[in-house]
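Be aware that the sequence shown starts at 1, since it is given in the working numbering, and climbs by one per residue. As structure tokens, the structure follows; a few thoughts come after it.
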Amino acid sequence: MLKKGGNVEHLITLLLFITINYSHFAHAQVGIGTSTIGNDAILEVSSANKGILLPNIDIDNISTATPVETPANYLTAYNKNENHKSFYYWNGTVWKPLVDLENVASLISLTTSFVKENSGFLDLDSTTGANSYQKNDPPGTTWKAIPNLKSTFTVSKTSNNINVNVEGMIQANNTTISSSGFSYSVAIFLDNSLHSVRNFIVTSNSFCSYDFYSINANINNLTLGEHTIEAFATVRVNFSNASTSKWRFSGIFNGCTNLNSDMTESLMTIKLTQSN
């Protein structure tokens with residue numbers, strides 16, 4: 001039984017103290033280096049020359065919780081392991097990096113360009129005929145690769161677009177002025193299968209006949225993984241007299257002065273765009 005007087009007053013004071021402090025801690029905001037805390041922040045840290053140091057732990061296998069015992073979901077730490085250096089959080093199953101190429105790429109569209117320039121030239125000394133070509137055919141004996149116009153890349157998103165342009169020069173070896181002509185084809189192969197082809201016909205009344213070629217391809221939604229694009233060429237029909245017996249892609253024949261090395265370069269440009 002409580003006594004009147006001082007004991008009652010002491011009890012009331014104690015209860016008020018507990019109530020006030022409970023209310024304070026139930027709605028507490030913590031400021032470190034600042035006394036002005038945002039209304040929606042439970043913790044605010046401010047410093048002009050210091051940072052926050054999270055625990056540094058060695059997570060060798062990011063597929064297991066070790067070295068943390070039963071980590072809570074979204075537990076965050078810096079992984080100092082040489083193979084996985086980054087900030088990681090536990091998602092309930094594995095450790096996930098806070099920022100990496102995978103999760104950054106998932107938020108934006110990525111466009112990557114590749115440019116390949118010929119290294120040397122391609123000489124052809126026979127024709128293959130005015131044939132028709134079927135999509136997905138292999139190169140076989142008809143087609144010859146233009147040196148170095150080949151690129152291998154990785155597709156990481158199911159929604160993707162690949163735009164390919166191949167351009168360059170072909171020259172005949174007719175070193176005398178005569179009426180001449182020939183037809184040829186340039187093709188783009190995807191994963192060693194014919195994807196796009198363009199035929200060209202050249203007529204000329206000059207020596208060292210030449211022609212500029214350009215071919216484009218647009219490819220949508222390749223399967224995930226690695227793919228290869230390569231440029232090939234073939235000479236179809238020779239309309240010339242005996243003075244023309246060879247054709248050169250990406251180069252100049254001796255004795256031909258109507259082109260220089262810069263003019264005969266061949267280029268393949270690939271633009272890969274990937275998005276969600």
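Cβ coordinates follow ideal geometry from the N, Cα and C atoms, glycine included.
Going by C-alpha distance, which of the options is nearest residue i?
i: S183; options: G225, L149, G129; result: G129
i: R198; options: T141, S209, I215; result: I215
i: L124; options: W143, V99, S209, V94; result: W143
i: S196; options: A217, Y213, S151, A72; result: A217
i: E226; options: T158, H84, D262; result: T158
i: L272; options: F212, S240, G255, N163; result: N163
i: D137; options: N83, Y213, L190; result: L190
i: N131; options: N165, N254, V235; result: V235
i: C256; options: S240, T175, S243, P67; result: T175
i: S119; options: S261, Q274, S275; result: S261
i: W247; options: L222, G181, S275, Q274; result: G181
What three-state label does DSSP hand residue i in the structure shown?
i: K85; result: coil
i: K50; result: coil
i: M268; result: strand
i: G181; result: strand
i: M169; result: strand
i: P55; result: coil
i: K80; result: coil
i: A231; result: strand
i: I42; result: coil
i: E69; result: coil
i: T93; result: coil
i: T127; result: coil
i: I62; result: coil
i: S243; result: coil
i: N218; result: strand
i: P139; result: coil
How about residue i and residue j: are their beta carbons less than 8 Å apart?
i: N79; j: E117; result: no
i: Q171; j: I62; result: no
i: E265; j: G168; result: yes
i: F114; j: I219; result: no
i: V186; j: Y210; result: no
i: T36; j: L54; result: no
i: S109; j: Q274; result: yes
Alpha carbon to alpha carbon, how far is residue j from residue i? Give it in angstroms, no decimals.
i: S126; j: S86; result: 59 Å
i: D74; j: F153; result: The sequence shown places Tyr at residue 74, rather than the Asp named in the question. Those two C-alpha atoms are separated by around 34 Å.
i: T111; j: N49; result: 38 Å
i: L224; j: S156; result: 5 Å
i: N205; j: N161; result: 42 Å
i: S193; j: P97; result: 39 Å
i: I88; j: P71; result: For clarity, residue 88 is Tyr in the given sequence; the question names Ile instead. Near 12 Å, if we compare the C-alpha coordinates of P71 and Y88.
i: V68; j: L222; result: 41 Å
i: N238; j: F200; result: 12 Å
i: A65; j: G92; result: 9 Å
i: I177; j: M263; result: 21 Å
i: N56; j: G38; result: 29 Å
i: T141; j: S151; result: 21 Å
Grab me the residues of residue i's own chain with a C-beta within less than 7 Å of its C-beta, minus the 5 sequence neighbours each way, in chain order.
i: V45; result: I32, G33, I52
i: S245; result: D125, N173
i: V94; result: I62, S63
i: F249; result: F121, L122, I146, G168, I170, A233, S266
i: H84; result: I59, I62
i: I188; result: V164, V166, H195, S196, I215, A217, I229, A231
What do you reckon, is the C-beta of residue i under 7 Å from a heavy atom of the ligand NAD?
i: I59; result: As far as ligands go, the structure on display features none, and thus does not contain the ligand NAD.
Leaving out the 5 sequence neighbours to the left and right, which residues in its chain are closer than 8 Å to residue i when beta-carbon positions are compared?
i: S23; result: Residue confidence is low: S23 scores 48 on pLDDT, short of 50, so the model does not pin down where it sits. No coordinate-derived value is stated.
i: N258; result: S206, F207, C208, Y210
i: A41; result: Q29
Residues in the same chain with beta-carbon distance under 6 Å from residue i, minus the five sequence neighbours each way, listed in chain order, please.
i: M268; result: K116, L149, V166, A231
i: N81; result: D58, I59, D60
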